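Following: one structure in structure tokens, then a few remarks.
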Amino acid sequence: MSFRHVLLAEWTKLRTVRGWVAGLVAVCLTVVGLGMLFATGSHSSCSNGPVEVPCPEPVLGPGGTAVVDRFYFVSMPLDGNGSITARVNSMTGQIRLPDATPGVRNVVAGVVPWAKAGLMVKESTEQGAAYAAVMVTGAHGVRMQHDFTEDVAGGAQGVSPGSPRWLRLSRDNDTITGEESPDGKRWTRVGTARLDGLPAKVRIGLFAASPPDVRVESNPLGGTASAGRFTEVTALVDQVGVAGATAGGAWSRDDIGVDLNIDGTPHHPGGLVRNGDTFAITGTGDIAPNTTEGTIERTLTGALIALVVVIVVAVLFVTAEYRRGLIRTTLLAGPRRGRTLVAKAVVVGAATFAAGLVGAAVTVPLAVRVLRGNRIFTLPVSTLTEVRVIAGAAGVLAVSAVLALALGALFRRSAPAVIAAIVVLVVPYVLGTASILPDEVSRWLLRLTPAAGFAIQQSVPEYEHVISHYVPAMGYFPLPPWGGFAVLCGYAALALGLAVRRLNGRDA
Amino acid sequence: MRRELHAEWTKLRTVAGPGRLLLGIVVLTVAGSAAAAGAMECPSAGCGQDATRIGLFGVQLGQGLVALLAVLAVCGEYSTGMIRTSLTAMPRRMTALAARTALLAGLTSVAGALGVLGSLLVARLLLPGNGFTPEHGYPPLSLADGPTLRAAAGSVLYLVLIAVLSAGVATAVRDSAVAAGAVLGLIYLFPMVVLMIRNEDVQRLLWRLSPMNAGLAVQATTSLPAMPIGAWAGLGVAAAWAVAALACGGLLLRARDA
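Protein sequence lines correspond, in order, to chains A and B.
Anchor point for the first sequence: position 43 equals 43 in the working numbering, and the numbering is continuous, going up by one each time.
Just so we're on the same page, the working numbering is the position in the second sequence counted from 1, plus 508.
Written out as structure tokens, the structure is:
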């Protein structure tokens, strides 16, 4: 009997048991049903004071990623090539902490690690327009950043009283170069950025921004929750010099992305105080990728429940043979036992993949649209990433099916195999996201156990230059997507290998 | 009922599985608690951790084996055909089910008590090394402390309720794979679904309905006002699930052919 025949025989077994086919259909329906339930049941409301207003659409950056673009910009027009030089003398600010007494604002002086102030070239003062900037940060030294997602480290030293930092940003067509200097004489290059298609007329100037102070608190419902609170930075800048065609060289002020209160006044405004040649720029907000909105993989909640169904079907696909004695016929017909078990794995894996793929491929685009209709925005990702998330969800189900099948062949009994599969696949994920375990333990759980495979569903990366709540519960896994999936595949291959050995070594 | 109990006891006693599983429940519970106690840290006073809850963390793992024990005890009979002999010998099916459930509950309470006591002991030894010291506001874990005693006793009761719930579900569905999947899905996935809900009122309502969330609320000894449900009320929710499952299983057992 060729491998094709063994495959056909196993496929016939799978498709002729009504309960198993129903299980695979249930996998598909669970993914779609729960995803849609989640999407239709979620609504967002945004309020401005007591008034409900439509939620704002997220700003998109040049690369199509959702971004936060909120800062104070003091700029002048620049036509063609040119440069700006300035000396940052100090950075001070304030941070709002959790209320010590409820209802009383608890504000302390301080600068958050990624508070930033420096020089910027930006296509326009529109939110999301392309830019490149060289800056001093609160605790991460000098950085050169561009187009929200890119970040290069310069010198590790920030500014402190008595030790200012000189910065220079020069534009040469599409190339922007950032430099730093301790004294304005000896310059070191921090980095260069290419802004493709940058128009001749751009804005050049000084800026300040200060991202929210993110604090993580434990959630009584399970897991952790984070809250970001208002912060503000004020940078003292002098020795400002601009070279190039600046059309008169008058400074204009823009509070980029400021929200307006109900009475039309700006909410947490930035500002500029000029004292002779010294600029005191105050800003709040961030110039960075958006990490607070939901991700597309959140619509695949149902996959976790479908996984339990998959485990049950895959285990039964082998243990039922032992219970009914069919295994003896199977092994008589296909005496190469390893091949028979591999055929079983291929069949159950492929069937699960198909069911999961249909479910995920329907759910993700549909649920994202429904959520959008409910004014909840998901972070946009490239088509390739979306395909990876959808196929990855189906892949996790399929490889888990193979792992469960192998456990079934190892135990030969249903209940221990099902429980073992759930304990290695589902429980680490549940404990890693919804329990009291500290974040570091959760990360190790999702590195070492087969549950690492869920990483393939992560659609947005962690950004080193944005402080956010990067924990498995928020969809950020400790391993890269394919790395995590490889861990799961490794476990499945190991279990299948052991099962083949066991099947060959033992009487049926 | 005495004869039924004796029969069920003989059946459980004479196979190797249950004994090993009971040992497994104790080991897994203690190991889980030890791992959590070893991993948690309290760097300064007011670190907001609940030492008792950490010390009883292993219950969340041990319950998986409790479910396995109950499912195997019930479904094993169906897969071997033994159930027909059992029901012929004990025609009062309700009594037979009650006897089996009582026996499972008793065995689970013994294993659970050992596991919980071992967990607290391990946590008492490990936690002070991680900053859970009297200076930081954490006296050594002790059963003389009212809330800790309540948490420990409640955890044992919770494990017993999981055994009853599993026995009920297993009696209702009869297939061990489906029963194991259903019980563990109910226990472990309910909390996940709760976290995905965006509406806070619905979220808290579902949290109160979830057998694991509500049932393990009994382990909380700090920040009690923030808990969506009280300790004993939460255990009551878990009990309601167990009773409902058992009633469902009993009705089906009486109505169906074996």
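Even glycine gets a Cβ: it sits at the ideal position worked out from N, Cα and C.
The model shown is predicted, which means the values in this text are computed figures rather than measured ones.
Q: Taking ILE670 (chain B) as the query, report the chain A residues whose CB atoms sit under 9 Å from its CB, ordered along the chain.
A: In chain order: nothing, as chain A lies at least about 13 Å away.
Q: For CYS46 (chain A), write down the residues that DSSP places opposite it in a beta bridge.
A: A:VAL53
**Q.** Proximity to SER541 (chain B) [Cα-Cα], best of B:ALA690, B:VAL668 and B:SER663
**A.** B:SER663
Q) Once you ignore the five residues that flank GLY359 (chain A) on each side, which residues in its own chain have a CB closer than 6 Å to its CB? A) CYS28, VAL31 and VAL32
Q) Considering GLN145 (chain A), what are the terminal residues of the alpha helix (DSSP H) in which it resides? A) Not the alpha helix (DSSP H): GLN145 (chain A) falls in the beta strand (DSSP E), residues 142–146.
Q) Residues of chain A with a CB under 7 Å from the CB of TRP715 (chain B): which are they? A) LEU221
Q.
Is it buried or exposed, ARG501 (chain A), if we count other Cβ atoms within 10 angstroms and call 16 or more buried?
A. Exposed, because fewer than 16 other Cβ atoms sit within 10 Å of the Cβ of ARG501 (chain A).
Q: Taking the CB atoms as reference points, tell me whether ALA404 (chain A) and ALA415 (chain A) lie closer together than 8 Å.
A: Using a Cβ distance threshold of 8 Å, ALA404 (chain A) and ALA415 (chain A) do not count as a contacting pair.
Q: Please report the Cβ distance between ALA245 (chain A) and GLY82 (chain A), rounded to the nearest whole angstrom; I am assuming they are in contact, meaning their Cβ atoms lie under 8 Å.
A: 7 Å
Q) On the premise that SER44 (chain A) lies in contact with ILE376 (chain A), defined as a C-beta separation below 8 Å, what is that separation, rounded to the nearest angstrom? A) 5 Å
Q. Quick one: Cα of TYR131 (chain A) to Cα of LEU119 (chain A), how far?
A. 10 Å
**Q.** chain B contact for GLY41 (chain A) (CB, 8 Å cutoff)
**A.** Closer than 8 Å to some Cβ of chain B, the Cβ of GLY41 (chain A) qualifies, so yes.
**Q.** Residue of A:GLY356, A:SER163 and A:ILE305 minimising C-alpha distance to MET704 (chain B)
**A.** A:ILE305
Q. Do we get a CB-CB distance below 8 Å when we pair VAL32 (chain A) with the residues of chain B?
A. no
(Q) For a test of the three-state rule: what should DSSP assign to SER731 (chain B), helix, strand or coil? (A) coil
**Q.** Where the region 727–752 of chain B meets chain A: residues whose CB sits under 8 Å from a CB there
**A.** SER731, ALA734, MET735 and PRO736
Q. Shortest alpha-carbon distance to ALA539 (chain B) belongs to which of B:ASP558, B:GLY566 and B:PRO733?
A. B:GLY566
Q) So the alpha helix (DSSP H) TRP251 (chain A) belongs to, where does it begin and stop? A) Neither: TRP251 (chain A) is in no alpha helix (DSSP H) and is coded neither H nor E.
Q) Interface residues of chain A around VAL624 (chain B) at Cβ under 9 Å? A) Within 9 Å Cβ-Cβ: nothing; VAL624 (chain B) doesn't reach chain A, min ~17 Å.
(Q) Tell me the residue span of the alpha helix (DSSP H) that contains ARG194 (chain A). (A) Segment 188–194 is the beta strand (DSSP E) holding ARG194 (chain A); no alpha helix (DSSP H) there.
**Q.** PRO98 (chain A), buried or exposed, once every other Cβ within 10 Å from all chains shown has been counted against 16
**A.** exposed
Q.
Using a 10 Å radius around the Cβ and a threshold of 16 neighbouring Cβ atoms, would you call SER42 (chain A) buried or exposed?
A. With 16 or more other CB atoms across the displayed protein chains lying within 10 angstroms of its CB, SER42 (chain A) is buried.
Q: Please say whether LEU7 (chain A) and VAL402 (chain A) have beta carbons closer to each other than 8 Å?
A: No, Cβ-Cβ distance for VAL402 (chain A) and LEU7 (chain A) is not below 8 Å.
Q. What did DSSP end up calling LYS185 (chain A) once you bin it into helix, strand or coil?
A. coil
Q: Could you name the residues of the region 372–390 of chain A whose beta carbon sits closer than 7 Å to any beta carbon of chain B, in the order they occur along the chain?
A: none
Q. Would you call the CB atoms of LEU488 (chain A) and GLY432 (chain A) closer than 8 Å?
A. no
Q: Measuring only between beta-carbons, confirm whether VAL618 (chain B) sits less than 8 Å from chain A.
A: no
Q.
To the nearest angstrom, how far is the alpha carbon of VAL523 (chain B) from that of TYR666 (chain B)?
A. Distance between the alpha carbons of VAL523 (chain B) and TYR666 (chain B): 26 Å.
Q.
Would CYS583 (chain B) pass as an interface residue toward chain A - the criterion being a Cβ-Cβ separation below 8 Å?
A. Look at CYS583 (chain B): its C-beta is under 8 Å from a C-beta on chain A.
Q. Comparing the C-beta of ARG323 (chain A) with each C-beta of chain B, is any distance below 8 Å?
A. yes
Q) If you run the structure through DSSP and keep just helix, strand and coil, what is TRP166 (chain A)? A) DSSP, read as helix, strand or coil, puts TRP166 (chain A) in strand.
Q) Which one of B:THR596, B:PRO599, B:ARG712 and B:LEU743 has the shortest CA to CA distance from LEU724 (chain B)? A) B:LEU743
Q: Since I believe VAL142 (chain A) is in contact with GLY128 (chain A) (beta carbons under 8 Å), could you give me their beta-carbon distance rounded to a whole number of angstroms?
A: Going by Cβ atoms, the distance from GLY128 (chain A) to VAL142 (chain A) rounds to 25 Å, so no, they are not a contact pair.
**Q.** Simplified DSSP state of ASP507 (chain A), which is helix, strand or coil
**A.** coil
Q: In the DSSP assignment, find the unbroken beta strand (DSSP E) run with GLU512 (chain B) in it and report its ends.
A: Run containing GLU512 (chain B): none in the beta strand (DSSP E); it sits in the alpha helix (DSSP H), 510–521.
Q. To the nearest angstrom, how far is it from the Cα of ILE296 (chain A) to the Cα of PHE353 (chain A)?
A. Roughly 19 Å between the two C-alpha positions.
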